Amino acid sequence: MKEYPVKEIIRNILSVAVGVLIGFVLFWSGTNLLLMLLPSYIYANSASTENKNLYQLFTSGVVLIGCIIAGYITAKISTRNTFIHVLITGIIFFFIMAGTANFDWKEFNNTVRITLLLTIPCTILGGLKL
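Below you can see the structure in the form of structure tokens.
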């Protein structure tokens with residue numbers, strides 16, 4: 002069994018933390034930017050169902066792009082076993098997204114459910130070393 006030096010352990014823990022932090026900042030800034038650019042899409046009285054679906058599609062795209070970038074950053078910073086660290090980052094994103102509706106699957110519409118299920122694969126995709 003290989004032993005990990007303390008510096009590698011700290012670097013691997015920080016790689017997950019930095020990946021999650023950067024992904025969260027990308028989620029937050031991307032969705033806020035969409036709210037500023039497309040404010041009429043979120044109001045129930047002024048927006049049609051088609052506009053709400055378009056807004057959710059844009060938001061899902063921002064979240065999935067944030068997952069890919071966070072997975073890439075996690076893989077770049079970690080020293081060994083990058084797949085495990087990227088997987089941990091994806092699982093954390095899954096729970097962050099599920100926590101937005103108090104882990105109640107019934108509160109999500111289909112777009113959000115698909116986005117939730119794609120957070121882990123997109124994070125892994127970003128962490129692949131091609």
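If you count the sequence shown from 1, position 108 lands on 109 in our numbering, and the numbers rise without skipping.
C-beta atoms are modelled at their ideal positions from N, C-alpha and C, and glycine is treated no differently.
Being a predicted model, the structure only gives us computed values, none of them experimental.
Practice task
Please name the residue in L22, K8, E4, V7 whose C-alpha comes closest to that of T75.
Solution key: Indexing the sequence shown from 1 puts residue 75 at position 74. Of the listed residues, the one whose Cα sits closest to T75 is L22.
Q. Out of curiosity, what's the CA-to-CA distance linking L119 and H86?
A. If you number the sequence shown from 1, residue 119 lands on position 118. If you number the sequence shown from 1, residue 86 lands on position 85. C-alpha separation (whole angstroms): 17 Å.
Open item on the list: Considering only their Cβ atoms, is the gap separating S61 from R12 smaller than 8 Å?
Closed with: Here residue 12 refers to the residue found at position 11 of the sequence shown. Here residue 61 refers to the residue found at position 60 of the sequence shown. Between R12 and S61, the CB-CB gap reaches or exceeds 8 Å.
Quiz item: Roughly how many angstroms lie between the CA atoms of L126 and L39, to the nearest whole one?
Solution: Here the question's residue 126 lines up with position 125 in the sequence shown. Here the question's residue 39 lines up with position 38 in the sequence shown. Approximately 29 Å between the Cα atoms of the pair.
Look at A71 and G24 and say whether their C-beta atoms are less than 8 Å apart.
One-based indexing of the sequence shown puts residue 71 at position 70. One-based indexing of the sequence shown puts residue 24 at position 23. It is a contact, given that the beta carbons lie within the stated cut-off.
Pair within 8 Å by beta-carbon distance, L34 and C123: For this step, residue 34 is matched to residue 33 along the sequence shown. For this step, residue 123 is matched to residue 122 along the sequence shown. No, Cβ-Cβ distance for L34 and C123 is not below 8 Å.
What are the start and end residues of the alpha helix (DSSP H) that includes R1? Since the first and last residues shown for the chain are 2 and 131, residue 1 lies out of range.
- Task: Using only alpha-carbon positions, find the residue among C68, V63, K107, W106 that is nearest to L88.
- Result: Translated into the one-based positions of the sequence shown, residue 88 becomes position 87. Comparing alpha carbon positions, the residue from C68, V63, K107, W106 closest to L88 is C68.
Problem set entry | 8 Å Cβ shell around E9 - same chain, five flanking residues per side excluded | Residue 9 sits at position 8 when you count from the first residue of the sequence shown. Same-chain partners within the cutoff: T80, R81.
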